[in-house]
Amino acid sequence: MSNPTVTVPIREALRYAQGRAERLARTQQLEIGEDLFVRIAPGGRKFLLFCLDGEPDRSAAEAVAAALGLRNPAYGWHQGATLRSLTVIEEGAADVPEAAGADDGDS
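Residues 1 to 107, numbered by the UniProt record's numbering, are exactly what the sequence shown covers, in order.
What follows is the structure, given as structure tokens:
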């Protein structure tokens with residue numbers, strides 16, 4: 001018998017990933033829509049929003065920032081080697097380095 005399907009509200013999933021980013025100092029990535037991804041940086045106060053085909057809308061970034069409770073977020077663009085990402089940084093957010101070899105905390 002298989003386990004029942006559980007629906008998790010997107011706000012709950014975002015906040016869970018944000019908490020992991022803060023607690024583990026590790027980037028957390030979620031697929032939050034069809035061809036829409038968010039990467040929450042260590043510390044949980046910055047994120048990248050990107051699509052594999054095209055560019056994300058600012059309205060989606062604003063909705064994610066609101067769900068994460070970011071105060072006075074600044075919006076910008078980052079051009080990587082293959083993707084153009086929308087960057088969102090909370091005012092006064094500290095740079096938290098990625099933890100090396102940290103346990104994922106799920107065991």
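No residue lacks a Cβ here, since even glycine has one placed at the ideal position from N, Cα and C.
Paired residues, beta bridge with residue i - DSSP
i: Q79; result: R84
i: A74; result: I89
i: G33; result: L36
Buried versus exposed call for residue i [16 or more other C-beta atoms within 10 Å across all chains shown]
i: R45; result: buried
i: S2; result: exposed
i: E98; result: exposed
i: R20; result: buried
8 Å contact criterion, which residue i and residue j should meet: CB distance rounded
i: R15; j: T27; result: Not quite, the Cβ-Cβ distance comes to about 16 Å (not below 8 Å), so this is no contact.
i: L30; j: P56; result: Rounded, the Cβ-Cβ distance is 13 Å, inconsistent with contact.
i: P73; j: A65; result: 4 Å
Cα-Cα separation between residue i and residue j, rounded to whole angstroms
i: V8; j: T82; result: 31 Å
i: R84; j: A17; result: 22 Å
i: L36; j: A61; result: 10 Å
i: L70; j: G43; result: 12 Å
i: E91; j: I10; result: 24 Å
i: A25; j: I89; result: 16 Å
i: C51; j: P4; result: 30 Å
i: A100; j: L48; result: 20 Å
i: A41; j: S59; result: 20 Å
i: residue 163; j: D95; result: A question about residue 163 goes unanswered here, because the residues of the chain that appear run from 1 up to 107.
i: S107; j: V6; result: Residue confidence is low: S107 scores 43 on pLDDT, short of 50, so the model does not pin down where it sits. No coordinate-derived value is stated.
i: L68; j: A93; result: 13 Å
i: E34; j: G76; result: 22 Å
heavy atom of the ligand SAH below 7 Å from residue i C-beta
i: R45; result: Among the ligands in the structure shown, none appear at all, so the ligand SAH cannot be discussed.
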